[in-house]
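Visitor:
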Amino acid sequence: MKQKHTITPLARRTPNGVLTQVPTEARREAEERLRRTQEMKFTISSNIEDVLFKGRVCVNEMKLNDFLTRELDGRGIVDTNRDVMLEEFFRDPTRYIRDKGALNEIQASGHYLGMKRAVKGEVIFDEDIRRLCDKGVNNLPGWSLAAADVKAAVHNSTKRFLDAAAEEARNPTTTSAPEKLEGLYESVHNARRSHAVELPDGDERIKTGTGMGVHEGKPEQSWSYREVGNTLEKDDAVQQCGSAPPVLMVLASEKGWPYSWHTIQDLPKDVFVNCEVERAWQIVKGDVTAWSSPHGGTDFKPGRRVLIGTPGIGKSMAAGSYLLYQLLHCDAKKLQVVVHCFGGRDAYVSDKTSRTVTRCGDEDMCISELRRLRGHGRNVYIIYDVAKEGTPPPRHFAPYDRWGMIVVPSPNVANYDEWAKQLQAARIIMNCPDEVDVKAVCAWMTRDETREKQAECWKEAKKHMYLLGPIPRHVFDEEAFNGRCGAVEFALQSINEVTVKECFSRGGESPWCSEDPSHRLVKVVREIYAGGVTLFNAPLFACLEERTLERLPSVAE
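Under UniProt numbering, the sequence shown has 305 at position 305, and the numbering climbs by one with no breaks.
1. Pull up the distance between the alpha-carbon of Glu-233 and that of Tyr-384, whole angstroms please.
2. Just the Cα atoms here: how many angstroms apart are Arg-451 and Arg-205?
3. State the CB to CB distance for the pair Met-317 and Tyr-381, rounded to an integer number of angstroms; the pair is presumed to be in contact (CB under 8 Å).
4. How would you label Ser-410, buried or exposed, when you count the other beta carbons within 10 angstroms and need 16 or more for buried?
5. Between the C-alpha atoms of Cys-366 and Lys-315, what's the straight-line distance to the nearest angstrom?
6. Using 8 Å as the threshold, is the stretch 109 to 117 in touch with the stretch 133 to 146, meaning 3 or more CB pairs across them?
7. How many whole angstroms separate the CB atoms of Leu-373 and Lys-352, which I take to be in contact at a CB cut-off of 8 Å?
8. Do you know offhand how far Thr-69's Cα is from Tyr-529's?
9. For the stretch 183 to 196 against the stretch 156 to 170, do three or more pairs of beta-carbon atoms, one drawn from each stretch, fall closer than 8 Å, so that the two count as touching?
10. When you compare only the Cα positions, how much space is there between Ala-455 and Leu-52?
11. Going residue by residue through the stretch 92 to 150, where are the continuous alpha helix (DSSP H) segments of at least 4 residues, counting only ones entirely within it?
12. Since His-340 sits in a beta bridge, which residues does DSSP pair it with?
13. Unbroken alpha helix (DSSP H) runs of length 4 or more, entirely within the stretch 395 to 449: which are they?
14. Would you kindly report the start and end of the unbroken beta strand (DSSP E) that includes Gly-375?
15. Going straight from the alpha carbon of Asn-156 to that of Pro-393, what length do you get?
16. Might you give, ordered along the chain, the residues of its own chain that have their beta carbon closer than 6 Å to the beta carbon of Arg-192, omitting 5 neighbours on each side?
17. Assign Arg-91 to one of two classes, buried (16 or more other C-beta atoms within 10 Å of its C-beta) or exposed (fewer than that).
18. Check whether the stretch 536 to 548 and the stretch 463 to 471 touch, using three or more Cβ-Cβ pairs below 8 Å as the test.
19. Please name the residue in Lys-207, Arg-117 and Asp-73 whose C-alpha comes closest to that of Gly-483.
20. Here's the rule: buried if 16 or more other CB atoms are within 10 angstroms of the residue's CB, otherwise exposed. What is Ile-264?
21. Hey, how far is the Cα of Gly-76 from the Cα of Glu-127?
22. Less than 9 Å between the C-beta atoms of Ala-280 and Leu-324, yes or no?
23. Can you tell me where the beta strand (DSSP E) holding Met-212 begins and where it ends?
24. Could you tell me how far apart the beta carbons of Lys-63 and Val-78 are, in whole angstroms, since I believe they sit closer than 8 Å?
25. For the alpha helix (DSSP H) containing Asn-537, name the first residue and the last one.
26. Does the distance from the CB of residue 593 to the CB of Met-249 come in under 9 Å?
27. Taking only three categories from DSSP, how would you classify Ile-495?
28. Using the Cβ count rule (16 or more neighbours within 10 Å means buried), how would you classify His-376?
29. Which partner residues does Ala-252 have in the DSSP bridge list?
30. Excluding the five sequence neighbours on either side, which residues of its own chain have a C-beta within less than 6 Å of the C-beta of Lys-269, listed in chain order?
31. Val-273: which of Glu-88, Glu-497, Ser-194 and Arg-473 sits nearest, CA to CA?
32. Provide the residue span of the alpha helix (DSSP H) that contains Ile-308, from first to last.
33. Classify Leu-335 as helix, strand or coil using the three-state DSSP reduction.
34. Please name the residue, chosen from Glu-489, Val-228 and Pro-246, that lies closest to Glu-198 on a Cα-to-Cα basis.
35. Tell me where the alpha helix (DSSP H) around Glu-278 begins and ends.
36. What does DSSP give as the partner residue(s) for Cys-360 in the beta ladder?
Next comes the structure, spelled out in structure tokens:
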């Protein structure tokens with residue numbers, strides 16, 4: 001974007017830790033791949049290709065534009081490169097990206113260097129697999145019995161992998177069992193609470209750089225909600241009486257949250273809860289209350305939900321963690337277990353009776369644990385985070401019909417549509433944070449800083465919001481902000497009259513297809529309209545309308 005180089009990234013001038021406030025999706029996917037690799041076990045029947053690639057999709061078969069979109073938010077994409085494979089690109093990068101500045105930026109990134117090493121390694125594996133197959137060696141027994149000259153013909157890295165796998169197959173370890181995680185249950189259950197409030201005009205407000213005050217403990221008054229049709233909406237009329245509700249609540253767990261346990265990096269221990277996150281809980285709370293009510297009857301089935309919202313607003317880290325926190329505080333006689341899982345392969349089982357958390361580290365363990373819980377007649381609520389694009393809940397996560405469940409996907413319908421139809425799951429639409437929510441996050445992050453630094457943080461945040469919208473991931477993460485600028489520029493170049501009408505028309509939400517670059521420019525909006533609730537797509541950031549009109553003058557006519 002023209003303006004991006006004139007703005008000092010916020011994270012450079014804020015306290016340590018801001019850079020990791022919200023992890024990028026690419027980072028999460030890389031961690032998911034690494035975890036699957038580490039969990040794969042080899043048997044005597046494993047073939048050579050499975051051993052070397054460990055069940056992964058070969059990255060050297062990925063197309064260049066797909067890599068740039070997924071890992072670098074679209075930087076360097078050229079339409080003529082849509083069929084170029086990564087292996088070809090790494091042989092001669094200058095042939096495919098002529099812009100020297102863009103290429104230098106890409107080549108300096110960790111994603112580029114990591115992928116280059118991965119592609120080089122896979123090319124070596126491919127060559128060695130062909131050599132071994134030509135000699136009739138295609139599985140671990142064949143490798144173990146192969147002649148010395150056959151083994152000598154492959155690269156040392158290939159030989160080490162195959163020797164280690166053969167040893168593992170000959171001496172298998174004991175069957176994996178769920179891992180008990182000490183102290184995590186109490187850490188989440190007893191999370192410390194704080195809140196940020198808007199200060200009235202006066203001396204206290206003047207002392208701050210944001211106009212916000214940060215206090216320990218629960219607020220005197222929280223948000224109120226009222227029924228609108230078959231859903232809930234915040235009731236501002238009630239909140240005009242008495243003390244003002246918070247702008248933001250903050251929960252701090254000393255040992256982190258399932259979202260951070262699931263990753264291999266150290267993430268912040270703070271969870272930000274605004275009125276939209278609380279609304280999601282109030283809806284789920286209604287489901288749980290009806291489920292445990294004696295008036296439900298034997299035929300009553302708990303509600304199934306799908307939480308939908310614009311990527312980057314905190315559905316996984318904030319809403320998923322807050323739902324777990326609240327569910328742990330429900331009556332243990334009526335709800336005994338909460339399962340928080342990621343992609344069906346990594347599940348954290350919180351047992352409210354024993355007050356323990358156990359981790360099921362692969363799909364087989366997850367299936368066994370769910371069957372065990374059902375067999376013991378436990379009431380279970382499942383929070384299912386679609387940890388990777390294109391991986392909706394598998395069939396075994398069509399849970400027992402006496403259990404409750406919510407799925408937290410990206411808005412891409414492929415991540416939840418089939419599952420939602422199968423179980424008749426209702427959607428919860430979560431709106432983006434607004435400006436005051438982002439200001440409250442600034443106030444919390446700079447609560448121990450001077451008035452000047454607080455004001456500077458808020459000033460930079462406003463600039464980022466103007467360019468990219470009030471998405472916490474893009475406002476407070478330098479890497480995500482810079483990458484998103486390139487993705488937005490690409491999306492603006494790709495937009496046309498048809499996509500403008502589809503994405504920005506009021507009165508109905510079009511299916512969200514995240515492969516469409518124009519969807520980087522819009523947000524899903526839920527709004528009360530004519531006595532009911534309407535859904536529509538809207539421009540994500542303030543300068544989008546003027547930039548769209550610059551590109552498509554006919555839209556203004």
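Idealized CB from N, CA, C, for every residue including glycine.
Guide: In short:
1. 24 Å
2. Going by the C-alpha atoms only, they are around 10 Å apart.
3. Their Cβ separation, rounded to whole angstroms, is 19 Å, which puts Met-317 and Tyr-381 out of contact at 8 Å.
4. buried
5. Cα-Cα distance, rounded: 23 Å.
6. No, the stretch 109 to 117 is not in contact with the stretch 133 to 146.
7. In fact, because the Cβ distance is near 12 Å, the residues do not count as touching under 8 Å.
8. Straight-line Cα distance between these residues: approximately 36 Å.
9. no
10. 53 Å
11. 93 to 96, 100 to 107, 110 to 134 and 140 to 145
12. Tyr-348 and Ile-383
13. 417 to 423 and 435 to 445
14. In the DSSP assignment, Gly-375 falls outside any beta strand (DSSP E) and within the unbroken alpha helix (DSSP H) covering 363 to 375.
15. Each residue's alpha carbon lies about 40 Å from the other.
16. Ala-252.
17. exposed
18. Enough Cβ pairs lie closer than 8 Å, so yes.
19. Among Lys-207, Arg-117 and Asp-73, the Cα nearest to that of Gly-483 belongs to Asp-73.
20. Because Ile-264 carries a pLDDT of 46, less than 50, the predicted location of this residue cannot be relied on, and the following value inherits that uncertainty. That one is exposed.
21. 30 Å
22. Taking 9 Å as the Cβ cut-off, Ala-280 and Leu-324 do not qualify as a contacting pair.
23. 212 to 216
24. 12 Å between Cβ atoms; not a contact.
25. Segment 532 to 539 is the beta strand (DSSP E) holding Asn-537; no alpha helix (DSSP H) there.
26. The requested residue 593 does not occur in the structure, where the chain is confined to residues 1 to 557.
27. coil
28. exposed
29. Arg-192 and Asp-270
30. Ala-252, Ser-253 and Gly-256
31. Check the Cα spacing between Val-273 and each of Glu-88, Glu-497, Ser-194 and Arg-473: the tightest is with Ser-194.
32. No alpha helix (DSSP H) contains Ile-308, which is instead part of the beta strand (DSSP E) from 304 to 309.
33. coil
34. Pro-246
35. 275 to 292
36. Ala-347
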